[in-house]
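Residues 964 to 1146, numbered by our numbering, are exactly what the sequence shown covers, in order. We put the CB at the ideal spot given by N, CA and C, even for glycine. Just below is one structure, and these are the notes that go with it.
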Amino acid sequence: MGPLKNLHGWQPVRRVALFILFLAMVGRPFSTLAEATPTLKKIGQTTAYWAGVIPVYDAQLWASDEVTLENLLTDQTALNLKLCYHVPLSQKDFVEAAETGLPTPLSPLHSQAVNALHLSYESVSPNDCYRLSYDRTNGTQLWLNNQLKFENNTPGFKALYFGLWLGKTPLSDTVKNHLLKGL
């Protein structure tokens, strides 16, 4: 009866209590992070085509619950734009496309942020995914296959860069309209 004696004693209860305490302590940073990051809902999705025939990327837009067309590009609302590619593209392709859609001239701070983001682009292969995200805590971030490549907190940078897809003069009105369909 030696080893079974502990089953009816305090040792198993103590172990369970310590395990629960450990889980509560470990879970605390994750719950704090979840509270700091707003819950996002899918607003729209589409596929972008080159020459109307060749699928280039699938796009999904996610936003916080309070987002409207009026506050979409303000620094008050969280956004995630996920782009998953069907074709290989080079870093140069990304930079050239962005430069055709960005306003000119840019302020020195915005110019510096754009240059840093463009330097962080990497070539992609089919099935690679970029995610452009924004929240008030982290600012604008660029992720490639869930690896952080760029981060910037310059005020107004969110509107500038997300504006390539969602602004008054987007790279594609069709993509913009489908992404914003849920608003």
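Any idea what DSSP makes of residue i, helix, strand or coil?
i, result
"Leu986", "Its pLDDT being 33, under 50, Leu986 is placed unreliably by the model, and the measurement read from it follows with that caveat. If DSSP states are grouped into helix, strand and coil, Leu986 belongs with the helices."
"Leu970", "Caution applies to Leu970, whose pLDDT of 45 falls short of 50 and renders its modelled position unreliable; the model cannot decide the point."
"Gln1039", "coil"
"Leu1111", "strand"
"Ala1011", "strand"
"Val1087", "strand"
"Leu1003", "strand"
Please name the residue in the options whose C-alpha comes closest to that of residue i.
i, options, result
"Asn1090", "Thr1040, Ala1060, Ala1022", "Ala1022"
"Leu1042", "Thr1137, Ser1135, Phe1120", "Phe1120"
"Ser1088", "Leu1082, Gln1054, Ser1027", "Gln1054"
"Lys1045", "His1081, Leu1024, Leu1123, Ser1074", "Leu1024"
"Thr1036", "His1049, Lys1144, Phe1125, His1073", "For the record, residue 1036 in the displayed sequence is Leu; it is not Thr. It is Phe1125 whose Cα lies nearest to the Cα of Leu1036."
"Asn1078", "Leu1123, His1049, Trp1128", "Leu1123"
"Lys1112", "Tyr1084, Asp1136, Ser1074, Pro1133", "Tyr1084"
"Asn1109", "Arg1094, Pro1118, Leu1143", "Arg1094"
"Thr1132", "His1049, Gly1015, Thr1063, Tyr1012", "Thr1063"
"Leu1146", "Asn1034, Val1050, Val1016, Cys1092", "Asn1034"
"Ser1027", "Pro1018, Asp1038, Trp1013", "Asp1038"
"Gly1015", "Ser1135, Asn1140, Lys1144", "Ser1135"
Starting from residue i and walking both ways along the alpha helix (DSSP H), at which residues does that stretch end?
i, result
"Gln1075", "1071-1083"
"Asp1136", "1136-1142"
"Lys1121", "1120-1129"
Starting from residue i, follow the beta strand (DSSP E) in both directions and report where the run begins and ends.
i, result
"Leu1042", "1042-1048"
"Gly1102", "1102-1107"
"Asp1098", "1092-1098"
"Gly1064", "Here Gly1064 belongs to no beta strand (DSSP E); instead the alpha helix (DSSP H) covers 1054-1064."
"Ala1022", "1017-1027"
Does the ligand NAD have even one heavy atom less than 7 Å from the beta-carbon of residue i?
i, result
"Ala1079", "As far as ligands go, the structure on display features none, and thus does not contain the ligand NAD."
Note to self: Measuring CB atoms only, is the segment 1059-1068 touching the segment 1102-1119, in the sense that at least three cross pairs come out at less than 8 Å?
What the structure shows: no
Note to self: Three or more C-beta pairs under 8 Å: does that hold for the segment 1007-1015 against the segment 1064-1078?
What the structure shows: Taking 8 Å as the limit for Cβ pairs, the verdict is that the segment 1064-1078 does not touch the segment 1007-1015.
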